[in-house]
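In this text, residue positions in the sequence shown follow my numbering: the first is 949, and each later residue adds one.
All C-beta atoms in this analysis are idealised placements derived from N, C-alpha and C, irrespective of residue type, glycine included.
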Amino acid sequence: METQILGNTPENIKKAAEILSGGGLVAIPTETVYGLAADALNGEAVKKIFEAKGRPADNPLIVHVAEFEDIERFNLVREIPGAAVKLAKSFWPGPLTIIMKKGSAVPDEVSAGLDTVAVRLPGHPAARDIIRAANTPLAAPSANLSGSPSPTTARHVINDMDGKIDAVFDGGSCAVGVESTVVTLAEGTPRLLRPGGITLEQLRSVLGTVELDSAVLSQLKEGQRASSPGMKYKHYAPKANVVLLKCGDEEFIDYVNANKGVGVAALCCDGDEEKLDVKCISLGSRGDYAAQAQRLFDSLRRIDGYGDIVTVYSRLPSTDGVGLAVYNRLIRAASDISRIRRYSSLPPEAVEKEGGVYEWTIAMIIPFDLIGIAPGSVPVSLKANFYKCGDLTAHPHFLSWNLVGCPSPDFHRPEYFGELLIER
Ligand code: TXA
Ligand code: MG
């Protein structure tokens, strides 16, 4: 199959709509990432999306509409909850997906057998024009091969999908750069399943209580049920190993330079490039998480473009605002997460105990598979996995450590606090 590239013209809006009405696949621009669209009411057309992407059949798709009224018009949901109306008023058109109980018109191929459906009203004018012209809602996952970074330009789509789909509509590069925020209203208290351009703080300002699904800041254990099936798959991974470091700016620079070599690269912030002795790609200015989100997937793809990168280091951002979305995508892309601290000298907060023993509290990373243990519990098996980066238990003056609790038990942050005893 030859994949047509359609420029952003009114004729091509019609052309894209015709392909979609005829049961074909068109990659369409949205403000988040490019979506691989098919007629959401045509189960046979939707099946082709799964084939083209190599997507597991149990991972449901988002249904895109051009107007709020389309949700009722096309019988997409059983009923529209009041909270959905509030969210739509505040954030649609925009990067927010709302999960509701599914209506009778939604084929099983779209919902992957669940009794819920994800609905989004995108902000990109071309996306809405194509939906209007096709006169049907469009099912569209991100238009990448399953497991690769989501595409934020038509070129990224072509790199993954050339020859597999009918057309790509080129609407420029995506403004948000990470996929939409996904919130479920289908089961009691609203819960954030995937962070994106609409932040948890914004959702709470409209709805009051919004829970954060535990999978957002961690990876799921084998066999653990995912609220959003997509969360159980490794995602966004370039071919190089992404290693995340949770540390200060200086420590990041020092650590990467200490580990420099052929095949090493870093994702960094503006201004770090001159201090780093490895290939660098800046995500944007420090603390500007919206800018970092916008460039993240393109940067991950560029790393593979270098051809020879084996390891790429990145700092983990804060989880505030859009930082939460960057954090979530990075941990999905990562092969390893480490906390870097230097213990060559005692940290300033160390308190002298009897017999030349010092004690202080550290935040430490524990392996993903232990996240979810009750706060305050002390899993003995932790010792073996403690500190992937330079095993402190092998430190000549290491005495002992204890897990003492989770700083915010409701938030499932992957940091727990431990007490570490090291002899001077
Ligand atoms: O920004 C976006 O959301 C883009 C653009 C194209 O709209 N789309 C996108 O789709 O990212 P996709 O398929 O790559 O991600 C959709 C996520 C998946 O993790 C999927 O499991 C989840 O939403 N999802 C879809 N329907 C669901 C449902 N009924 N219940 C729970 N999770 C659902
Ligand atoms: Mg995707």
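Relative to the ligand MG, is the shortest distance from any of its heavy atoms to the C-beta of Ser1096 smaller than 6 Å? Reading the sequence shown from its first residue, position 148 is the one you call residue 1096. Not so, every heavy atom of the ligand MG lies at least 6 Å from the Cβ.
Does the region 1133 to 1145 touch the region 1158 to 1168, meaning 3 or more C-beta pairs lie closer than 8 Å? Per the Cβ contact rule, the region 1158 to 1168 is in contact with the region 1133 to 1145 (3 or more Cβ pairs under 8 Å).
Would you mind reading off the limits of the alpha helix (DSSP H) that contains Arg1103? Working through the sequence shown from its first residue, we reach residue 1103 at position 155. Run containing Arg1103: 1102 to 1109, per the alpha helix (DSSP H) assignment.
With Ser969 as the anchor, note down where its alpha helix (DSSP H) starts and where it stops. Taking the first residue of the sequence shown as position 1, residue 969 is located at position 21. Counting along the chain, the alpha helix (DSSP H) containing Ser969 begins and ends at 958 to 969.
Excluding five sequence neighbours on each side, which residues of the same chain lie with their C-beta closer than 7 Å to the C-beta of Leu1148? Within the sequence shown, the letter at position 200 stands for residue 1148. Excluding the 5 residues flanking it on each side, Leu1148 has same chain C-beta neighbours closer than 7 Å at Leu1140, Val1158, Leu1160, Leu1272, in chain order.
Measure the C-alpha to C-alpha separation of Arg1234 and Glu966 and round it to an integer number of angstroms. Translated into positions along the sequence shown, residue 1234 becomes position 286. Translated into positions along the sequence shown, residue 966 becomes position 18. Near 44 Å, if we compare the C-alpha coordinates of Glu966 and Arg1234.
Quick check: Ala985 and Ala993, are their CB atoms within less than 7 Å of each other? Translated into the one-based positions of the sequence shown, residue 985 becomes position 37. Translated into the one-based positions of the sequence shown, residue 993 becomes position 45. For Ala985 and Ala993, no; Cβs fall outside 7 Å.
Would the beta-carbon of Ser1090 be found less than 6 Å away from any heavy atom of the ligand MG? Taking the first residue of the sequence shown as position 1, residue 1090 is located at position 142. Ser1090 Cβ: within cutoff of the ligand MG.
Would you give the residue range spanned by the beta strand (DSSP E) that Phe1117 belongs to? Position 169 of the sequence shown, counted from the first residue, corresponds to residue 1117. Per DSSP, Phe1117 belongs to the beta strand (DSSP E) from 1115 to 1117.
Among Ala1123, Leu1278, Glu979, Met1109, which residue has its Cα nearest to the Cα of Lys1001? One-based indexing of the sequence shown puts residue 1001 at position 53. Minimum Cα distance to Lys1001 is reached at Met1109.
Could you tell me which residues DSSP puts in a beta bridge with Ser1090? To locate residue 1090, count along the sequence shown from 1; it is residue 142. According to DSSP, which records beta bridges pairwise, Ser1090 is partnered with Gly983.
How many angstroms separate the CA atom of Ile1078 from the CA atom of Gly972? Locating residue 1078 in the sequence shown gives position 130, where the first residue counts as 1. Locating residue 972 in the sequence shown gives position 24, where the first residue counts as 1. Straight-line Cα distance between these residues: approximately 13 Å.
Cβ pair count under 8 Å reaching 3, the region 1250 to 1269 against the region 1207 to 1214: Cβ pair count under 8 Å is three or more, so yes.
Quick check: does the Cβ of Ser1166 come within less than 6 Å of any heavy atom belonging to the ligand TXA? Start at 1 with the first residue of the sequence shown, and residue 1166 comes out as number 218. Within the chosen limit of 6 Å, the ligand TXA does not reach the beta carbon of Ser1166 with any heavy atom.
According to DSSP, is Asp1063 part of a helix, a strand, or is it coil? Counting from 1 along the sequence shown, the entry for residue 1063 is found at position 115. It is coil, neither helix nor strand.
Looking only at its chain, what residues have a beta carbon closer than 7 Å to the beta carbon of Leu928, apart from the 5 residues adjacent to it on each side? One cannot answer for residue 928 here, as it falls past the ends of the chain, which runs 949 to 1372.
Specify whether the region 1054 to 1073 and the region 999 to 1015 touch according to this definition: at least 3 beta carbon pairs, one from each stretch, less than 8 Å apart. Yes, the region 1054 to 1073 is in contact with the region 999 to 1015.
Which two residues bound the contiguous beta strand (DSSP E) that contains Tyr1261? Here residue 1261 is taken as the residue at index 313 of the sequence shown, counted from 1. Annotation: the continuous beta strand (DSSP E) that includes Tyr1261 extends over 1259 to 1263.
For Val1204, which residues from the same chain have a beta carbon less than 7 Å from its beta carbon, with the 5 sequence-adjacent residues on both sides left out? Counting from 1 along the sequence shown, the entry for residue 1204 is found at position 256. Same-chain partners within the cutoff: Ala1214, Leu1224, Val1226, Tyr1261.
Shorter than 6 Å, the distance from the beta carbon of Ala1053 to the closest heavy atom of the ligand TXA, or not? Reading the sequence shown from its first residue, position 105 is the one you call residue 1053. No - the ligand TXA has no heavy atom lying nearer than 6 Å to the Cβ of Ala1053.
Quick one: grab the DSSP three-state call for Lys1194. The count along the sequence shown starts at 1 and reaches residue 1194 at position 246. Note: Lys1194 maps to strand in three-state DSSP.
Going by DSSP, what residues sit across from Met949 in a beta bridge? As a first step, residue 949 must be located in the sequence shown, where it is residue number 1. Beta bridge pairing from DSSP links Met949 with no other residue.
Start and end residues, beta strand (DSSP E) containing Val1131: By 1-based counting over the sequence shown, the position of residue 1131 is 183. Judged by DSSP secondary structure, Val1131 falls within the beta strand (DSSP E) whose first and last residues are 1129 to 1132.
Below 6 Å CB to CB, which residues in the same chain sit around Asp1284 once its five sequence neighbours on both sides are set aside? As a working note, residue 1284 is residue 336 in the sequence shown. Once the five neighbours on either side are set aside, the close Cβ partners of Asp1284 are Val1191.
Would you say the beta carbon of Glu1127 comes nearer than 6 Å to a heavy atom of the ligand TXA? For the purposes of this step, residue 1127 is identified with residue 179 of the sequence shown, where counting begins at 1. Yes - the ligand TXA has a heavy atom lying nearer than 6 Å to the Cβ of Glu1127.
Can you tell me whether Gly1071 is buried or exposed, with buried defined as 16 or more other CB within 10 angstroms of its CB? Mapped onto the sequence shown, residue 1071 falls at position 123. Under this definition Gly1071 is a buried residue.
Cβ-heavy atom distance between Ile1047 and the ligand TXA below 6 Å? What you label residue 1047 is simply residue 99 of the sequence shown in a count that begins at 1. Yes, the ligand TXA has a heavy atom inside 6 Å of this Cβ.
Considering only heavy atoms of the ligand TXA, does any lie closer than 6 Å to the CB of Val981? As a first step, residue 981 must be located in the sequence shown, where it is residue number 33. The answer is yes for Val981.
Contact check, Val1025 vs Val1058 under 8 Å by CB: the rounded distance? One-based indexing of the sequence shown puts residue 1025 at position 77. One-based indexing of the sequence shown puts residue 1058 at position 110. At roughly 12 Å, the Cβ-Cβ gap does not stay under 8 Å, so Val1025 and Val1058 are not in contact.
Output yes or no for whether 7 Å exceeds the beta carbon distance between Ala1014 and Arg1076. Indexing the sequence shown from 1 puts residue 1014 at position 66. Indexing the sequence shown from 1 puts residue 1076 at position 128. Yes. Within cutoff.
Beta-ladder partner(s) of Glu1159, from DSSP: In the sequence shown, the residue the question calls residue 1159 occupies position 211. Paired residues: Arg1139.
Give a single yes or no on whether Ile1201 has its beta carbon closer than 6 Å to a heavy atom of the ligand SAH. Inclusion of the ligand SAH in the displayed structure is not the case, the ligand content consisting of the ligand TXA and the ligand MG alone.
Less than 7 Å between CB atoms is the rule here; does Thr957 satisfy it with respect to chain D? This model lacks chain D altogether, as it is built from one protein chain only.
Exposed or buried, what is Thr957 when buried is set at 16 or more other beta-carbons lying within 10 Å of its beta-carbon? Looking up residue 957 in the sequence shown gives position 9. Flag for Thr957 reads exposed.
Short of 6 Å in beta carbon distance, which residues of its chain neighbour Gly991, apart from the five on each side in sequence? Order them along the chain. Numbered from its first residue, the sequence shown carries residue 991 at position 43. Excluding the 5 residues flanking it on each side, Gly991 has same chain C-beta neighbours closer than 6 Å at Pro1055, Glu1057, in chain order.
Does the Cβ of Asn1007 lie closer than 6 Å to at least one heavy atom of the ligand TXA? Taking the sequence shown and counting its residues from 1, one reaches residue 1007 at position 59. Checking the Cβ of Asn1007 against the ligand TXA gives yes.
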